[in-house]
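Asker: My structure is below; once you've seen it, I'll send some questions.
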Amino acid sequence: DQVDVKDCANNEIKKVMVDGCHGSDPCIIHRGKPFTLEALFGANQNTKTAKIEIKASLDGLEIDVPGIDTNACHFVKCPLVKGQQYDIKYTWNVPKIAPKSENVVVTVKLIGDNGVLACAIATHGKIRD
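Take the sequence shown: its letter number 1 is residue 1 in the UniProt record's numbering, and every next letter is one higher.
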């Protein structure tokens with residue numbers, strides 16, 4: 001379902017959907033389970049490659065999310081063309097050893113050959129069993 005996010009680039013993000021999450025309600029991320037994120041965005045540049053960068057802030061401590069496939073071209077057809085709309089769907093298995101937290105902020109960036117393609121910040125996350 002669609003979730004509320006803050007754009008952290010230039011409004012390239014059109015819509016973000018996360019399985020089991022709604023609007024501005026807290027989004028529960030379960031340890032040891034898959035987490036699926038889908039985003040509709042407009043490319044702000046021509047790029048042959050794209051990289052995914054995911055950071056999480058757990059109670060104020062920012063970390064790079066481990067174990068992700070950073071090659072966005074595995075999830076959206078590259079090359080990307082400036083002005084075109086794209087839909088990217090990404091599933092990641094949350095490690096069982098991820099710390100529990102009631103205050104999770106997730107920042108997801110797509111980075112192209114010429115800098116940030118799209119960026120979204122989700123502020124309503126919780127990590128639980």
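Note that CB positions come from ideal geometry on N, CA and C, so glycine has one too. Owing to the predicted nature of the structure, the values given are computational and were not obtained by experimental measurement.
(1) Please report the residue range of the beta strand (DSSP E) in which Thr107 lies.
(2) Thinking Ile88 and Ala72 are a contact (beta carbons under 8 Å), I'd like their distance in whole angstroms, please.
(3) In whole angstroms, what separates the C-alpha of Gly115 from that of Arg31?
(4) Considering only their Cβ atoms, is the gap separating Asp59 from His124 smaller than 8 Å?
(5) Quick check: the Cα distance between Phe75 and Leu40, rounded to an integer number of angstroms?
(6) Report the three-state DSSP secondary structure of Cys73 (helix, strand or coil).
(7) Taking 8 Å as the limit between beta carbons, can you name the residues of its chain near Glu38, skipping five residues before and five after?
Answerer: In brief:
(1) Position 107 of the sequence shown, counting from 1, holds the residue named residue 107. Secondary structure note for Thr107: its beta strand (DSSP E) is the uninterrupted segment Ser101 to Gly112.
(2) By 1-based counting over the sequence shown, the position of residue 88 is 88. By 1-based counting over the sequence shown, the position of residue 72 is 72. Between Ile88 and Ala72, the beta carbon gap of about 7 Å places them in contact (Cβ cut-off 8 Å).
(3) Walking along the sequence shown from the start, residue 115 turns up at place 115. Walking along the sequence shown from the start, residue 31 turns up at place 31. C-alpha separation (whole angstroms): 32 Å.
(4) Counted from its first residue, the sequence shown places residue 124 at position 124. Counted from its first residue, the sequence shown places residue 59 at position 59. Cβ distance not < 8 Å, so His124 and Asp59 don't count as in contact.
(5) Position 75 of the sequence shown holds residue 75. Position 40 of the sequence shown holds residue 40. Cα to Cα, the separation comes out at about 12 Å.
(6) Along the sequence shown, one-based indexing puts residue 73 at 73. The answer is helix: DSSP assigns Cys73 an H, G or I state.
(7) Within the sequence shown, numbered from 1, the residue matching residue 38 stands at position 38. The residues are Val16, Met17, Val18, Asp87, Ile88, Lys89 and Tyr90.
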